[in-house]
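Some notes on the structure that comes next.
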Ligand code: GLN
Ligand code: ZN
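Residue numbers (the working numbering): 2 to 754.
Next comes the structure, spelled out in structure tokens:
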């Protein structure tokens, strides 16, 4: 049985690509040196796959930034303002990805968006009226030939035309206008690959797993009938992932493609579709059976059961999606063997594929039983012992645990008199600049060259300065500054039981940015107070309220690798109970306002609208409610979300039942503000009045104008004034100036109410 993968991580075992690319950005590496590093990594990864015994090896899954952008650039989908810079091909590419400011001009980057339901981000291609879609690039051919030159036949991968259209912006033009040229450009790619002798081309079409309208189906089918029809040497693999293709499954079998890649892991209905409608005999079935997103070992007995139902002679064993979403190798970690044996990162998943292929081969009984026995042992007994007390607490929860009383309006009145805040209260989102000094102190403490007492003295000094500054400029609700935190999820993970941390398990988030999510290993509980000491210390320095600052359960879950032996819901409720204890502790220590950040709430929203509530919001929103349901009516609960993209789930956001929500408010969200008032959104709002992602200092006049504009959409007694996110990535200088202006603008605006 043949094996393959949808794609391999490209950043390298030790983030070599990130390091080299950033050096290039700084001018410390030439184009040739960067190109050579890319080549070295590709070669290494191809060889790794070959040595692992993978039979069909992909190419062009490598990228210097993003593969969606690669496909756009291959087909000349480059807005004029970028080509007008007249930079080299590589620098034009990086200008599209990161913006450009220099001698040649000044353009902002293409917008970056979340890649389906992952934490990877792609760049949004932009079609203009003048865009002349045609094959201009050579990357896909170059990399195919590069592999061939070292004796490895590969299957080039590009983003398919339908998903490319779905993910792109069409500015002053339409899909129809560019469609004929787009189809011929793809045909040209196929013709060229045929000429070079490529056996397969993989066209990625993850957009097929979303809800499809009849028009979308029709568009997809017409593109592929034209694209795949006709004679060609190179076979076409239509690759889908991140779900099942229930809206188009039957149609796909009629297409003149040679292989279809289906996701049997995340695709809840994939097997059922196969069983109901069968699979065309003239095509290969690339079955995604090894999870491309998780870090756990594959359960062979389950997979073999599945494989037994599929047509053996048409099968190619594959991953459910690209391995881009998992870290490189478990071998780089130093977990004890009995822990490590449960994990499978990209490299280990290759062995799982070849082992599964060997076991599924009916001729090799000996290898089969040894491998199977080994794997069974991972699953036949519980990996961790359950925390009985916690299980009990969760079982005892009733509706009352998810319902804060009294209702919003009454609480709001009580809070007004208890807190005595002015109208348009001012605050920040929590963190203050993590200066070099702060990072150095933390690093020294971790290395034990700074004692705990010394480190804590340092933090208390920082907090005192931070509180004094906020009082000085006249902010109304203060924060302690979050100087003790490295990261909003890792910090809590480190202080809760049940998490494991890795050394090098980096996953690409976008371009050269990588994240290292913690692993949820067991039941989660709080053993001692986490933030209470710091918040209480800050509160005793001032008469003004200091906001306690916590990360919410859904965000902690979404930015970790979750367990699979219990449900996401159950893990999230465990985290919620732990954070609830922290909330109540903060309250007991005199903290009157508590913010529970849910920066990543939107991230795991299912791809199909029909699943939004039943699969996710139905437990995610209650988990948040559980965290704050038991506080006193006078205690004010805030939450924060990083993006303003929640117009479509406003009801759910309101049902979080927070008293105040702050969020990013860039140009685009005046429509969100309209929706807020149209839908009688009850939660008070703090739409960020300036963008913290830029070092620019907004003037008082500018901020006053923004506040004025907000007042036209939002009642004065519902409006808060704050920046749009935490300030940890900024420098002190611009932060202090901006906040001073913010406080002043709010004071002036208040006088005019
Ligand atoms: N309280 C966090 C901070 O201020 C929130 C960060 C975030 O939303 N990503 O840094
Ligand atoms: Zn934020």
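Backbone N, C-alpha and C fix where the C-beta goes; we use that ideal spot for every residue, glycine too. None of the values given here were measured: they were computed from a predicted structure.
query: In three-state terms, what does DSSP make of residue 280?
result: coil
When 345, 336 and 92 are compared against residue 295, the one with the closest alpha-carbon: 345
- prompt: Between residue 144 and residue 61, is the Cβ-Cβ spacing less than 8 Å?
  reply: yes
- request: Say yes only if the C-beta of residue 592 is nearer than 7 Å to one or more non-hydrogen atoms of the ligand ZN, and no if none qualify.
  value: no
task: Please name the residue, chosen from 538, 517, 588 and 566, that lies closest to residue 557 on a Cα-to-Cα basis.
output: 517
Residue range of the unbroken alpha helix (DSSP H) whose run includes residue 264: Looking at the DSSP string, residue 264 is not in any alpha helix (DSSP H); the run it does join, the beta strand (DSSP E), is 260-264.
field: Stretch pair the region 199-213 + the region 157-176: three plus CB contacts closer than 8 Å
entry: yes
task: Would you list the one or two residues that DSSP bridges to residue 641?
output: 598 and 663
- prompt: According to DSSP, is residue 240 helix, strand or coil?
  reply: strand
message: Assuming contact is defined by CB atoms lying nearer than 8 Å, are residue 242 and residue 274 in contact in what I supplied?
response: no
message: Quick check on the burial criterion: 16 or more other C-beta atoms within 10 angstroms. Buried or exposed for residue 377?
response: exposed
field: residue 483 Cβ short of 7 Å to the ligand GLN heavy atom set
entry: yes
message: What would DSSP say about residue 691, mapped onto helix, strand or coil?
response: coil
- prompt: Taking the C-alpha atoms as reference points, what is the distance between residue 421 and residue 407?
  reply: 19 Å
field: Proximity to residue 641 [Cα-Cα], best of 583, 588 and 554
entry: 554
message: I need the DSSP call for residue 102, collapsed to helix, strand or coil.
response: strand
- prompt: For residue 183 versus residue 162, is the C-beta distance shorter than 8 Å?
  reply: yes
- prompt: So is residue 15 buried or exposed if we call it buried at 16+ other beta carbons inside 10 Å?
  reply: exposed
query: Considering only residues of the same chain and omitting the five flanking positions on each side of residue 842, which have a CB-CB separation below 7 Å?
result: Nothing in the structure corresponds to residue 842, since the chain is present only between 2 and 754.
message: Taking the beta carbon of residue 135 as the centre, do at least 16 other beta carbons fall within 10 Å, making it buried, or is it exposed?
response: exposed
- prompt: Within the present structure, is the beta-carbon of residue 729 separated from the nearest heavy atom of the ligand GLN by less than 7 Å?
  reply: yes
message: For residue 652, count the other beta carbons within 10 Å of its own beta carbon; 16 or more makes it buried, fewer makes it exposed. Which is it?
response: exposed
field: Coil, strand or helix - residue 203 by DSSP
entry: strand
query: Cα separation between residue 287 and residue 329?
result: 23 Å
query: Taking 7 Å as the cut-off, is the CB of residue 12 close to at least one heavy atom of the ligand ZN?
result: no
- prompt: If we ignore side chains and look at the alpha-carbon of each, how far apart do residue 97 and residue 392 end up?
  reply: 50 Å
message: Taking the alpha-carbon of residue 1 as reference, which of 453, 252, 624 and 501 has the nearest alpha-carbon?
response: Outside the modelled stretch of the chain, which goes from 2 to 754, sits residue 1, for which no answer is possible.
task: Could you spell out the range, first to last residue, of the alpha helix (DSSP H) harbouring residue 683?
output: Taken as a continuous stretch (DSSP letters only), residue 683 belongs to no alpha helix (DSSP H), as it is neither H nor E.
- prompt: In chain order, what residues of the same chain have a beta carbon less than 8 Å from the beta carbon of residue 335, not counting five sequence neighbours either side?
  reply: 504
query: If you draw a straight line from the alpha carbon of residue 506 to that of residue 324, how long is it in whole angstroms?
result: 13 Å
field: For residue 533, the first and last residue of its enclosing alpha helix (DSSP H)
entry: 533-541
- prompt: Can you give the Cα-Cα distance for residue 480 and residue 605, rounded to whole angstroms?
  reply: 29 Å
query: Taking the Cβ atom as the reference point for each residue, do residue 265 and residue 246 lie within a distance shorter than 8 Å?
result: no
query: If you compare alpha carbons, which of 333, 193 and 510 is closest to residue 348?
result: 333
field: Own chain partners of residue 146 with C-beta closer than 7 Å, once the 5 adjacent residues on each side are dropped
entry: 197
task: Under 8 Å Cβ to Cβ from residue 709, same chain only, skipping five residues before and after it: list those, please.
output: 750
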